[in-house]
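The next block holds one structure in the form of structure tokens; read it before the comments.
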Amino acid sequence: MSKRPFPSTQESSRKRGRAVFCTARRTLKDKNFNGNQEPSPASATSPFISSHVFTLRTNNNGRRARYQVDAHRHHQNQLSPPTFEASLVPEDEPPAVNPATVYEESEIEVDMEAVPPAREDVSSPKKTRMQSNTTSTKLKEWLAFRQTCLDEMLRHDGRGDFLNCQSCVACGMEEGLYKCHECFNGSLLRCQSCLVGAHGVHPLHRVEKWNGFFFEKVSLRDLGLVVQLGHGGAKCIHPAPGPKGFSVFDISGVHRVTINYCDCGKDGFTPYRVQILRAGWFPATFNRPKTVFTFACLDFFHELTLQGKTSLYDFYHTILRRTDNLELNNKIYCYAQFHRIFRIWRGLLMLKRAGRGQDPAGAEATAQGELALECPACPHPERNLPDGWQKVSPGLRFLYTLFLAVDANFKLKQKSRGILDPELYPGWAYFINEGPYQDFINDYTDQPEINTCQSEHDAIVRAAVRNTPGYRVTGTVLIICPRHGLVRKNGAGDLQKGERYCNVDYVLLSSLVGLALLRIVITYDIACQWSKNFLRRMELFPSHMRLRSGTEVVMGVPSWHINGHGADCRANFSLGYMEGMGRTCGEEIETSWAQTNALGTSTREMGTGARHETLNDHWGGFNFRKITGFRVLFLKRLKEAYVMQNKHRDIFNKFSATFSSSTIEKWEKMLFDWTADPSKPNPFEEPVSATSLQDVRLELTKEDAAEARANETPRSIKATLTSFFMTGLDLEEQQRLLRIEANQIKKSATPKQRADLEDKRTLMFRQIQRWRDIQLVYTPCVGCLLAASLSAATLDGETVTVFSEPAELISLYLPSSLPTHLRQLPEMLSVVEKECRLRVAQADDALADIRRQCRITSGLWQFKCLNVSRTGNKPNTRMHTLFNRFNLRTQRCAQRYRAAWKALLALDPDGSWRTRLQELRDADIRGPGKDDLGDKTTSNGRFEPSWIWLVPRVLSAPDMESSEETLDDSMRVEWMKSRARKERWEEEVLLVEEEMRRVICYFEWKARWWWDQRKLRTSMDLDIVDGVAAYASKQASYCKRMAESCVQFWLPFFTSEGVVVDWASQDSYIMSKDEEDEEDEENEEIDDGNEDMDISRATDVVGGIDRFELEE
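Listed below in structure tokens is the structure:
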């Protein structure tokens, strides 16, 4: 065999001085195969023959190699193709491919000089790699292979590898005319007998027959396939023919199947419907079944509708399209049967997954809400709470609190169609039992509900809305746990007339039946109204629905909805101000509506039973997905809580340091008094601003007059160093004002305006000239710097110094602006030290002025919102003008601070002032609170005040025009909010750690529970008993694996933080196949001395007070 140069496509490897050899081995039977030739007929007779050439590349930079292949494609066509050796390889041995081996007859020589150089890649590999990941780049690359893909798709419609093959691939005797789409992707041709024999256990495969021109659809039934039920598919000595026209609905389409029942009675007579069920088919009727639906089809649609909200109508017609897209045959219409069977199927799944199949009492003994998935992270006594949790100190009671969220959705309606539709599982899952519910609410048709809230919330308005014409149900009320997002058992009910309290009360109390916790937190968007008289209304309910005495009930408004309420509601019902809430926002319930709103168009047409079962099913799927996401969710929350806890603790400490200890003590006492007695003054209540429009105008007028006097009458110059600096700082300030005025004068200014500006400049010239005399006394080194910028002239008969620049641009040459070598002169040390002290004081005064301006602006904003908004253009324009004036003043204070800060950097760059004063950016000029000027970009819990409010105040600063008591009262609310943010994040850390512990304990408990269900039913047939035990064992294993997965996922973070958790040392609950009934397992308490633990100590304990350790 002659040797040919192999066209190298690995240019990058060649440049590294290393050749890459690509070899391939073909598994042919007869003869050698050239890469450009078509496979011979003899080579196409084996089903294991591949028509591809296998190539290995040792270059790991695949993308770059691919581009170089494209670059050399035009040159490859000029080279001879490579020659590969064909050798016979056993069918059970994969083809050997070794790039490092050169065979004797198929040796490949690579002539490195003959390989053309690769085109220069101007882009870097990193850039190319990033671009290749984009969708547009991938699509452009595919365009080169568009025709190839189209050709290969068309090839599947022909005979492919068997183009010249006339024999069956299995027997080799008969002509192969049939192919199956599901068997080897439809690439094998068989004879009729071999095809039917191979599909005895695959009766639902789609087959086609070659008619000489193309493959046409045929059915296995027409080819003679008969499916034998019973005996596990084996032959029966006494088969009973099934009904003619037996139809099977599968994912692949609708199939006509011929079946035989088992009628031999070898193992006892098995009813025909049971034989169908054991074949994995669900009969549409149970007396004389003729239509069935495969378990796979029902299960596939169940998962599809949970994920994509696909309707049964669309899925059903999709199956029909796959069966006969041209509708040439008689149409099979079994939609009503499909709808009925799927309702039964999903209900059976709920019963199965809830363990009702393991209960000897059967499905009929199912309790209310028993089919609902419980939240593993919520507190469940005797399941995931430690012993002695009832004795916890009040400061830690929030760790064992049940959080609930209530909301109504008016998109989940139901039309009044008069359908008699029974509910198969009444009250067994998430919807409450409709019978007792309707009996109760019928007694409260005219319940008065008075609104005293300042908010015009939809829920309050809709409470008095009459029934929507044509609708039986106007909406749905739902109860979930807001921290984890799971729907509560019996936590859903229909609304008939708006959002009435009687409906909400009944659904809420139904979800709390049997609850034995000490504290409950309920969030509701109208909690400010609904909470009134709630306990009194609860007395009207049956005794088993009332909360236990001693249970503390706390009401709050979700964090986003609270913004639409008035000041009183925000102060009394905000979750961020309440102790023990952590970072609970209460808005998680809105995400559940996003999952079910897509079902509204379907469920409103259904009957009551089908509607409830559909929503129950989707809420179950929603809960399940939430549970599987706990592992990632809680770790993400804990990481954020650790960071934010430290950040807000540091912010609060700095903020508190700006107030006197007596002020802090007064505020803390006010907070404790309000916590103990809510009737006391609320420390979070915003003080009413006494700022009026005329007060602000008067203040501005006085300040303008003071500035005018300061510009006309210069400070008297005294020959002291302090007066020298004070005069210099005054001149510096006047220059800033004059620069602003000069910039504001346009080119079209009047002659008078220009003359006034020149007069002010002349006045400043004279002030600077007088000040220069004193400057040369204290800083004589400045003289050499002045010579270059001064010249002599005569003004009013006197010889004066004339500056080459406008007065506002003249450099004053204060020590901070001198070169470093001049500031370091011995005679300058005391002067530099004096200016440094004055600059620190100047920066403090400027910050105080900025804070004062921000507080005034905040008062103006409140005044505008309460009195000016929506009153017309003229008042709003006036307020806008005032805002502009204050913004200008604030910018002047900011410029003064920045000048002082820049001077301090030059004078003392490493001084102690750096610990207090920072560089001032425009974004820092805000506050004091989040709501000032309508900040909506940050949540309350994540809000960080600007550093200007954290700098310790100087009591003698100019912003102390009002008394300290007045200032403290205006800042009290901000201090309270800062303290609340710190405490909520500290509580969040403890809550998330406790929720992690509860999740693991709940999964461990659930694993034991499933393990105990294995042998509860023993009076059934052995095969059913075996299935019952196997399913319980599988569920127990899943629960245990969930617990172990959480531990493995969470433990590295705790280890990195140096936190020791005892649930990480729990022994695995190993379920042995040969194990008999286990002994009673007890949860032993590890630490029993924490009843008086407070929050400061609890921050070092993960997950609450006590720990569990499983003991075999």
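Mapping to UniProt numbering: the sequence shown position 1085 is 1085, numbers consecutive.
All C-beta atoms in this analysis are idealised placements derived from N, C-alpha and C, irrespective of residue type, glycine included.
Since we're looking at a predicted model, the values are computed, not measured.
Separation of residue j from residue i, as counted between CA atoms
i: TRP1009; j: LEU424; result: 26 Å
i: LEU822; j: THR722; result: 20 Å
i: PRO386; j: SER1045; result: 22 Å
i: GLU499; j: VAL1028; result: 44 Å
i: ALA1043; j: PHE1053; result: 16 Å
i: TYR313; j: ILE319; result: 10 Å
i: residue 1145; j: CYS168; result: Not covered by the structure: residue 1145. The range shown for the chain is 1 to 1112.
i: LEU298; j: TYR316; result: 11 Å
i: SER1033; j: TRP1011; result: 6 Å
i: GLY600; j: VAL487; result: 18 Å
i: PHE573; j: THR877; result: 35 Å
i: THR762; j: ARG736; result: 16 Å
i: MET153; j: THR591; result: 43 Å
i: LEU1050; j: MET996; result: A small fix is needed here, since residue 1050 is Trp in this sequence, not Leu. Distance between the alpha carbons of TRP1050 and MET996: 9 Å.
i: LEU575; j: ARG981; result: 11 Å
i: VAL831; j: GLN842; result: 16 Å
i: GLN529; j: HIS380; result: 30 Å
i: MET173; j: TYR272; result: 39 Å
i: GLN166; j: LYS217; result: 20 Å
i: GLN918; j: GLY927; result: 17 Å
i: MET350; j: PHE215; result: 44 Å
i: ARG397; j: PRO422; result: 44 Å
In DSSP terms, what residue i is bridged to
i: HIS255; result: VAL248
i: ILE522; result: LEU404, MET555
i: SER574; result: VAL557
i: TRP281; result: THR294
i: PHE624; result: None, per the DSSP bridge assignment.
i: ASN409; result: THR476
i: VAL207; result: CYS180, VAL218
i: ASN260; result: GLN228, PRO241
i: PHE431; result: ALA492
Minimum C-alpha distance to residue i - residue among the options
i: ARG892; options: LEU917, THR915, ASP922; result: ASP922
i: HIS544; options: LEU515, GLY556, ALA571; result: LEU515
i: residue 1113; options: ASN287, TRP281, ILE251; result: The question about residue 1113 has no answer here: the residues shown for the chain are numbered 1 through 1112.
i: MET828; options: THR779, LEU404, LEU223; result: THR779
i: CYS1001; options: VAL1047, ASP1026, TRP1011; result: VAL1047
i: GLU733; options: ILE745, LEU812, TRP667, ARG766; result: LEU812
i: LEU847; options: LYS680, ALA894, ASP650; result: ALA894
i: MET976; options: GLY620, ARG273, GLU685, GLN753; result: GLU685
i: GLY232; options: ALA279, GLY265, HIS484; result: ALA279
i: PHE295; options: VAL257, PHE249, LEU575, TYR272; result: PHE249
i: GLN1035; options: THR148, PHE398, ARG322, LYS1006; result: LYS1006
i: ASP525; options: CYS585, LEU495, LYS654; result: CYS585
Nonlocal neighbours in the same chain, by C-beta distance under 6 Å from residue i, ignoring five residues either side
i: PRO243; result: LYS290
i: TRP771; result: THR727
i: THR468; result: THR474
i: PHE724; result: ILE774, TYR778
i: THR258; result: ARG221, VAL226
Cut-off 7 Å between Cβ atoms - residues of its own chain near residue i, not counting five sequence neighbours on either side
i: GLN78; result: The pLDDT assigned to GLN78 is 42, lower than 50, so where the model puts this residue is not dependable; a value taken from the coordinates is nonetheless given after this. Contacts found: none.
i: ASP908; result: CYS836
i: THR310; result: LEU304
i: ALA527; result: MET555, GLY556, VAL557, PHE573
Sequence-distant residues of the same chain with beta carbon closer than 8 Å to residue i, five excluded per side
i: residue 1176; result: The question about residue 1176 has no answer here: the residues shown for the chain are numbered 1 through 1112.
Can we say the segment 602-610 touches the segment 570-583, given the rule of at least three CB pairs closer than 8 Å? no
Touch check for the segment 162-179 and the segment 201-218: three-plus C-beta pairs under 8 Å? yes
Does the segment 319-335 touch the segment 983-998, meaning 3 or more C-beta pairs lie closer than 8 Å? no
Using 8 Å as the threshold, is the segment 609-628 in touch with the segment 908-924, meaning 3 or more CB pairs across them? no
Is the segment 610-626 touching the segment 429-438 in the sense that three or more CB pairs, one from each, lie closer than 8 Å? yes
How do the segment 257-264 and the segment 225-239 stand: do at least 3 beta-carbon pairs fall below 8 Å, yes or no? yes
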